[in-house]
Amino acid sequence: MYHPAVYPLAGRVFCLTNLRSGTALDLAYTGKPGDFRMEGHILHMEANQQWRFIESGKGYVIQSLSTAPNGPWYVTARTSTEGSEVIATPFPATWDIQLDKSTGAYRIFWPTTDLVLDLHDGRAEPGTRIHLITKKRDLMCQLWKLIPQESPHAQNMPPAGPIEHTSQSDSQPMVSETVLVSEDRDFVTTYRTRTTTTTVTTITKRARIWSDLSSSETDGGSTAE
8 MYHPAVYPLA
18 GRVFCLTNLR
28 SGTALDLAYT
38 GKPGDFRMEG
48 HILHMEANQQ
58 WRFIESGKGY
68 VIQSLSTAPN
78 GPWYVTARTS
88 TEGSEVIATP
98 FPATWDIQLD
108 KSTGAYRIFW
118 PTTDLVLDLH
128 DGRAEPGTRI
138 HLITKKRDLM
148 CQLWKLIPQE
158 SPHAQNMPPA
168 GPIEHTSQSD
178 SQPMVSETVL
188 VSEDRDFVTT
198 YRTRTTTTTV
208 TTITKRARIW
218 SDLSSSETDG
228 GSTAE
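Residues in the sequence shown are numbered from 8 upward in steps of one, following the working numbering.
Written out as structure tokens, the structure is:
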């Protein structure tokens with residue numbers, strides 16, 4: 008039975024972990040110029056394990072957040088045949104993403120086929136290849152858990168500048184009166200002194216200015232260079 012992806016995917020960033028091994032879908036550099044492929048690696052949530060889902064027709068393009076040269080890079084396959092290696096190229100491919108309701112994980116299909124992203128034998132060893140294999144209902148190595156991620160650009164973005172907010176409150180005036188009476192032979196004199204006190208409280212909040220944080224991005228497991 009066909010179950011469309013019901014999790015809000017479009018425009019969001021996820022890490023994908025294999026339900027069998029617990030390892031992550033990782034953009035791995037093969038050592039050949041411009042040659043990247045998908046491998047299973049220990050989850051570290053760096054950029055080469057983060058993937059943006061871009062709506063494309065009835066499916067999704069899967070884009071790497073890695074700063075690899077000549078990017079952006081997209082998940083695709085060398086061919087649309089059984090056993091084909093899953094790779095990354097600058098050319099987007101659309102995937103059919105379907106929810107498995109019994110596990111809450113997802114199968115990622117090559118469109119109009121029964122071929123899905125499969126972690127080879129479900130192995131947990133770093134560097135295990137990922138390829139297209141015909142869907143088999145009970146194979147956990149064909150199911151992927153989506154872990155939502157914050158945008159790394161938003162996380163590292165420093166404040167635009169000091170932000171100041173001032174609020175003011177006025178209390179009701181307090182009135183006090185002093186009466187002094189003096190008498191002499193001819194007059195009775197009354198002195199009235201009225202004092203009005205108004206309290207004004209001003210609160211100013213100023214954003215703390217942090218120094219910019221600089222961090223060098225290093226990818227564990229495989230490295231996207």
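Each residue gets a CB set at the ideal place from its N, CA and C atoms; glycine is no exception.
Predicted, not measured: the structure shown is a model, and the values here were computed from it.
If you draw a straight line from the C-alpha of Y67 to the C-alpha of V93, how long is it? Rounded to the nearest whole angstrom, the CA to CA distance from Y67 to V93 is 16 Å.
Euclidean distance between Cα positions of E89 and E157: Taking the CA atoms as reference points, E89 sits about 34 Å from E157.
Determine, using beta carbons only, whether Q57 and D33 come nearer to each other than 8 Å. In this structure, D33 does not lie closer than 8 Å to Q57 by Cβ.
Straight-line Cα distance separating L26 from L16: About 19 Å.
Contact the stretch 106-114 vs the stretch 71-87: 3+ CB pairs below 8 Å: The stretch 106-114 and the stretch 71-87 do not touch, with fewer than 3 CB-CB distances between them shorter than 8 Å.
Confirm, please, whether the CB-CB distance from W151 to T30 is below 8 Å. In this structure, the beta-carbon distance from T30 to W151 does not fall below 8 Å.
Return the chain-ordered ranges of every beta strand (DSSP E) run that is complete within the stretch 102-152 and spans a minimum of 3 residues. Runs found: 112-116, 122-126 and 135-141.
Nearest residue (CA-CA) to T120, options T101, G47, T203 and K39: It is T101.
Taking 8 Å as the threshold (C-beta atoms), are D128 and Q149 in contact? Taking 8 Å as the Cβ cut-off, Q149 and D128 do not qualify as a contacting pair.
In terms of alpha-carbon separation, which member of G41, G64 and Q70 lies closest to P99? If we check each option's Cα against that of P99, Q70 comes out closest.
Between the Cα of D42 and the Cα atoms of A84, R19 and M52, which residue gives the shortest distance? When each option's Cα is compared against that of D42, the closest is A84.
Look at R53 and R136 and say whether their C-beta atoms are less than 8 Å apart. The sequence shown places Glu at residue 53, rather than the Arg named in the question. Inclusion of E53 and R136 in the CB contact set at 8 Å is not warranted, their separation being larger than that value.
Which value, in whole angstroms, describes the spacing of the CA atoms of S91 and L122? Straight across, the Cα-Cα distance linking S91 with L122 is about 10 Å.
DSSP state of S174, grouped into three classes? Annotation note: pLDDT 47 at S174 (below 50); position unreliable, no value reported.
Would you call R201 buried or exposed, if buried means 16 or more other Cβ atoms sit within 10 Å of its Cβ? When all chains shown are included, R201 counts as exposed.
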